[in-house]
Structures are given as structure tokens and as C-alpha cells.
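Each residue of the sequence shown is one higher than the last, beginning at 1191 in the numbering used here. Let me begin by presenting the structure, written as C-alpha cells, before commenting on it.
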Amino acid sequence: MKNLIFLVINKFLKKLRLYSVRNTQIGKYVKINSGTQIINSLINDYSYCGYDCNFINVEIGKFCCISDNVIIGGASHPMHFVSMSSVFLSHKDSSQIKLGNLDYLPKLETFIGNDVWIGNRVIIKSGITIGTGAVIGTGSVVTKNVPPYAIVAGNPAKIIRYRFDENIILQLLESKWWDLSEDRLKKLSTHFDDPINFLKELNL
1191 MKNLIFLVIN
1201 KFLKKLRLYS
1211 VRNTQIGKYV
1221 KINSGTQIIN
1231 SLINDYSYCG
1241 YDCNFINVEI
1251 GKFCCISDNV
1261 IIGGASHPMH
1271 FVSMSSVFLS
1281 HKDSSQIKLG
1291 NLDYLPKLET
1301 FIGNDVWIGN
1311 RVIIKSGITI
1321 GTGAVIGTGS
1331 VVTKNVPPYA
1341 IVAGNPAKII
1351 RYRFDENIIL
1361 QLLESKWWDL
1371 SEDRLKKLST
1381 HFDDPINFLK
1391 ELNL
């Protein structure tokens, strides 16, 4: 009984916290849970992320499912400047004083494809590309690019297998179903549990 009460209180307290989003574009129907910090990023339609995540300089595709405590990317510093310190930059940060007002807007460096599932406590190194349809297992540390529809896990993350055979993967990528209209997706939704029938409906 005590454990149940603790879980209920903990869940309630989580929802009381806020999330922080700076210099970031958020698509429609995106869900961001509390405790998450997102900086200089882009999150596309229908994606969600769990509690206490940290995304910096990241582009996230559509329909992505991201669990709690996930770290993607990292801060970028101007290595071509005389100093890399944020003290000389114009943007808001944790610096206690500003000695300059130089503009520095880092480019998006880490790319997450569409329909990607990222498990709890995953760390994805800055500069990595995660292919569409990939699955990243709980606790993985991703240091290399992940191909589309690959399932990876471990530290460092390694490919365990692929979700589908090569032919189906190529057709799903060709279909670009994630870009279809909501009406079209609703009509196709009855076929989402069968990739072969789904592709037939798209004449692929």
C-alpha cells in the first residue's frame, strides 16, 4: 500500500514540474513531458518525449516515441572564435557575467528519423543520424549512425537485427507514409499491423 501511495505522489509531483524549450520549433500534436530541456532543435509532428530528457541541436522526425531520461546531442561551442566561452556570446546561458554580445547559432548536428523508438536512459552522441524506423534499446549509448529499421542496444550500441526484411524496408522508406495527410492515415490505419497489406494499399 505504501509503495502505491509513493508512486501516485511521485507521478503527481512529476506533472507539477515544467519543461524548458529555447530556440526550438515544435510541430503539431507534439507531447513534451515535464523536466525536459530542449535547446536549438526541431521536433516534427506527432512525436513525444518522456520526462527529464535533454535535447540540444537536434532534429527529430515525425511519429517518434522517446522515453524518459534520454540525452540527445550536446552543446556546441565556437571553436573558430578566439574564445569558446559563452561569456562572449549573446544568447542566454548559465554564465554569471557577459563580456561580449557575439551571435553564435550552432547548426543542427544530430538527426533522428521518422517513427523512431528510443528507450529509457539512452544517450545519443552529438553528430549521429538515427535512421527512420529504428529502435534504440533501453540504456544504450549510441556512438555511430544507425541504419533505418535497425534494432540496436548496448554500450556502445550494436545492431541486433532489423525489424523487417530489406525489400519491405526499402518500400516503407519509398512510401514516406509519415508525410501523408491525416485523412489518408486514418484510412490506412487498419493496415498498420500488416506491413505487406499496408504497402499493397499504397500500390507499392
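In this text, a Cβ means the ideal position worked out from N, Cα and C, and glycines have one as well.
For Ile1250 against Ile1302, the beta-carbon gap comes to about 4 angstroms, under 8 angstroms, which counts as contact. Contact annotation: Gly1327 and Tyr1339 have beta-carbon atoms that are not nearer than 7 angstroms. The residue from Val1260, Asn1357, Gly1344, Asn1387 with its alpha-carbon nearest to that of Gly1240 is Val1260.
At a Cβ-Cβ threshold of 7 angstroms, Ile1233 and Val1211 do not count as neighbours. Asn1304 and Val1336 have their C-alpha atoms spaced approximately 13 angstroms apart.
In this chain, Lys1366 is not harboured by any beta strand (DSSP E), its DSSP state being neither H nor E. Excluding the 5 residues flanking it on each side, Tyr1294 has same chain C-beta neighbours closer than 6 angstroms at Pro1268, Leu1279, in chain order. In this structure, the straight-line span from the alpha carbon of Lys1334 to that of Met1274 is close to 26 angstroms. Taking C-alpha positions only, Gly1263 is separated from Ile1358 by approximately 30 angstroms.
A Cβ-Cβ distance of about 5 angstroms is found for the pair Val1248 and Thr1300, placing them in contact under the 8 angstroms criterion. Collapsing the DSSP output to three states places Arg1353 in coil.
In the DSSP assignment, Thr1319 forms a beta bridge with Phe1301. Beyond the five residues adjoining it in sequence on each side, Val1220 comes within less than 6 angstroms, by CB distance, of Ile1233, Ser1237 in the same chain, given in chain order. Pairing Trp1307 with Val1325 gives a Cβ-Cβ distance under 7 angstroms.
Given a length threshold of 4 residues, the segment 1230-1277 has no whole run of the alpha helix (DSSP H) inside it.
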